[in-house]
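Peer 1: Just passing along the structure, written as structure tokens.
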Amino acid sequence: MLHRLLLVFILLGAPAHAQAWEVFVNNKPFKGQVIGGPSDLLLQAEPLDQMLELDLAIDENGVSLDGQVVPSETREGAVFVNARKLTELSGGRLVVNKELSSIDVYILGSKKTGAQGGEGANTYLIVKSLPGDPVGQGVEWKLFDNCRFTLSSGYYNKSSVNVSVDTPDGHNWRLTFGVPENQGPLKPGFYHASGSYGGAFASMSVSADSRFADGYGTFEVLDIAFARDRPTRLAVDFVVHERGKPEKRKLTGKLRYKTSVP
Numbered sequence: 222m223l224h225r226l227l228l229v230f231i232l233l234g235a236p237a238h239a240q241a242w243e244v245f246v247n248n249k250p251f252k253g254q255v256i257g258g259p260s261d262l263l264l265q266a267e268p269l270d271q272m273l274e275l276d277l278a279i280d281e282n283g284v285s286l287d288g289q290v291v292p293s294e295t296r297e298g299a300v301f302v303n304a305r306k307l308t309e310l311s312g313g314r315l316v317v318n319k320e321l322s323s324i325d326v327y328i329l330g331s332k333k334t335g336a337q338g339g340e341g342a343n344t345y346l347i348v349k350s351l352p353g354d355p356v357g358q359g360v361e362w363k364l365f366d367n368c369r370f371t372l373s374s375g376y377y378n379k380s381s382v383n384v385s386v387d388t389p390d391g392h393n394w395r396l397t398f399g400v401p402e403n404q405g406p407l408k409p410g411f412y413h414a415s416g417s418y419g420g421a422f423a424s425m426s427v428s429a430d431s432r433f434a435d436g437y438g439t440f441e442v443l444d445i446a447f448a449r450d451r452p453t454r455l456a457v458d459f460v461v462h463e464r465g466k467p468e469k470r471k472l473t474g475k476l477r478y479k480t481s482v483p
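By the count of this note's numbering, the sequence shown reaches residue 483 at its end, each step adding exactly one.
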């Protein structure tokens, strides 16, 4: 009994540990060291640079991105950058999901966009629809090459790609991904989507059996190729969330068409 009372006393008197946050960078788990939380998040600079190929300049004078100083700290020989300031400099954002104890860091302009693409046998659409999502109706969809995949380029200058996926049992998915207005062809990179085509943000449209999403979210083009203005290869990861609420995700998906990207 005395031992139990002593244990309770120790537990009650011990300081509470800080909340552990899971950090994602451009929708991928961050493998480097993490310090702090939403208000003062620090990410280890070197693995972040390797992950995204940001061309961060890291030296004894600190850290800079495209000539702009990024607030940083050195702890036990490792350099850490201020995640919130870095997202601001790159034009991205930092989103906190307290319910999931996760922090999503979106950094724009990264040169590395995932696995190296090329011609391959991967053709599929996988969509994970969350509860309450009217498009996917809260279930996971796995559509492979027994379905009919049709791709076309829209608007002008290959600035968008339209995808149709028709299943043998009569279901259909329609997806569109496009660059911001007047920014040339769609190419590998990370994009913030805000509804339909036009304006400073990229465009995204996702629908299933005529049930439409608003098109607010993010998508990352991992691989893309054209032949005579027609898409011949495509790999895209995408997230659709509520308008103005990135932490309220509706669905996530992976689209692959004749690519080597897994």
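Cβ coordinates follow ideal geometry from the N, Cα and C atoms, glycine included.
For clarity, every value in this text was computed on a predicted model and none was experimentally measured.
Report the partner residues of leucine 263 according to the DSSP bridge assignment.
Peer 2: According to DSSP, which records beta bridges pairwise, leucine 263 is partnered with Ile256 and Asn303.
Peer 1: Please state the DSSP three-state secondary structure of serine 380.
Peer 2: Three-state result, serine 380: coil.
Peer 1: So, leucine 262 versus valine 302, is the Cβ gap smaller than 7 Å?
Peer 2: No; because the gap between Cβ atoms is not below 7 Å, this pair is not in contact.
Peer 1: By alpha-carbon positions, which one of Ser322, Ala304 and Gly353 ends up nearest to leucine 315?
Peer 2: Of the candidates Ser322, Ala304 and Gly353, the one whose C-alpha sits nearest the C-alpha of leucine 315 is Ala304.
Peer 1: Quick test of your reading: valine 457 and leucine 443, contact by CB under 8 Å. State the CB separation rounded to the nearest angstrom.
Peer 2: Going by Cβ atoms, the distance from valine 457 to leucine 443 rounds to 7 Å, so yes, they are a contact pair.
Peer 1: If we ignore side chains and look at the alpha-carbon of each, how far apart do proline 483 and serine 380 end up?
Peer 2: If I take the Cα positions, the gap works out to 24 Å.
Peer 1: Indicate the three-state DSSP secondary structure (helix, strand or coil) for leucine 351 in the structure shown.
Peer 2: Of the three classes helix, strand and coil, the one that applies to leucine 351 here is coil, per DSSP.
Peer 1: Suppose the cutoff is 6 Å on Cβ atoms and the five residues either side in sequence are ignored; what does the same chain contact list for proline 467 look like?
Peer 2: Here the set comprises Val316.
Peer 1: If you reduce the DSSP assignment to three classes, tell me which class leucine 269 lands in.
Peer 2: Helix.
Peer 1: For proline 311, does the three-state DSSP call read helix, strand or coil?
Peer 2: Correcting the residue identity first, residue 311 is serine in this sequence and not proline. Helix.
Peer 1: DSSP beta-bridge partners for arginine 451?
Peer 2: Ala448.
Peer 1: Note down the Cα distance separating leucine 476 from alanine 429, rounded to an integer number of angstroms.
Peer 2: Each residue's Cα considered, the two are about 14 Å apart.
Peer 1: Assuming leucine 277 and alanine 266 make a contact with CB atoms under 8 Å, what is their CB distance in whole Å?
Peer 2: 6 Å between Cβ atoms; contact.
Peer 1: Could you work out which residue in Gly399, Arg432, Gln254 and Thr439 is closest to proline 355 when comparing CA atoms only?
Peer 2: Ranking Gly399, Arg432, Gln254 and Thr439 by Cα distance to proline 355 puts Arg432 first.
Peer 1: Express the C-alpha separation of lysine 408 and valine 163 in angstroms, rounding to a whole number.
Peer 2: Absent from the structure is residue 163, since the part of the chain shown begins at 222 and ends at 483.
Peer 1: If we call anything under 7 Å between Cβ atoms a contact, is valine 400 one with alanine 423?
Peer 2: Against a cut-off of 7 Å, the Cβ pair of alanine 423 and valine 400 comes out as a contact.
Peer 1: Leaving out the 5 sequence neighbours to the left and right, which residues in its chain are closer than 7 Å to glycine 357 when beta-carbon positions are compared?
Peer 2: Excluding residues within five positions, the ones whose Cβ falls inside 7 Å are Val348, Ser350, Ala429 and Leu472.
Peer 1: Using a Cβ-Cβ cutoff of less than 6 Å, which residues in the same chain neighbour tryptophan 362 once the five nearest sequence positions on both sides are dropped?
Peer 2: Correct list, in chain order: Val348.
Peer 1: State the Cα-Cα distance for the pair glycine 410 and glutamate 441, rounded to the nearest angstrom.
Peer 2: About 6 Å.
Peer 1: Between Ala342, Lys306 and Thr397, which lies nearest to asparagine 367 when the distance is taken from Cα to Cα?
Peer 2: Of Ala342, Lys306 and Thr397, the residue nearest in Cα terms is Ala342.
Peer 1: What three-state label does DSSP hand tyrosine 473 in the structure shown?
Peer 2: Note on identity: in this sequence residue 473 is threonine, with tyrosine being the wrong assignment. Strand at threonine 473.
Peer 1: So aspartate 398 is in the beta strand (DSSP E); what residue range does that whole segment cover?
Peer 2: The amino acid occupying residue 398 in the given sequence is phenylalanine; aspartate does not appear at that position. First-last of the beta strand (DSSP E) with phenylalanine 398: 393-399.
Peer 1: Measure the CB-CB distance between valine 255 and valine 326 and report whether it falls below 7 Å.
Peer 2: Against a cut-off of 7 Å, the Cβ pair of valine 326 and valine 255 comes out as no contact.
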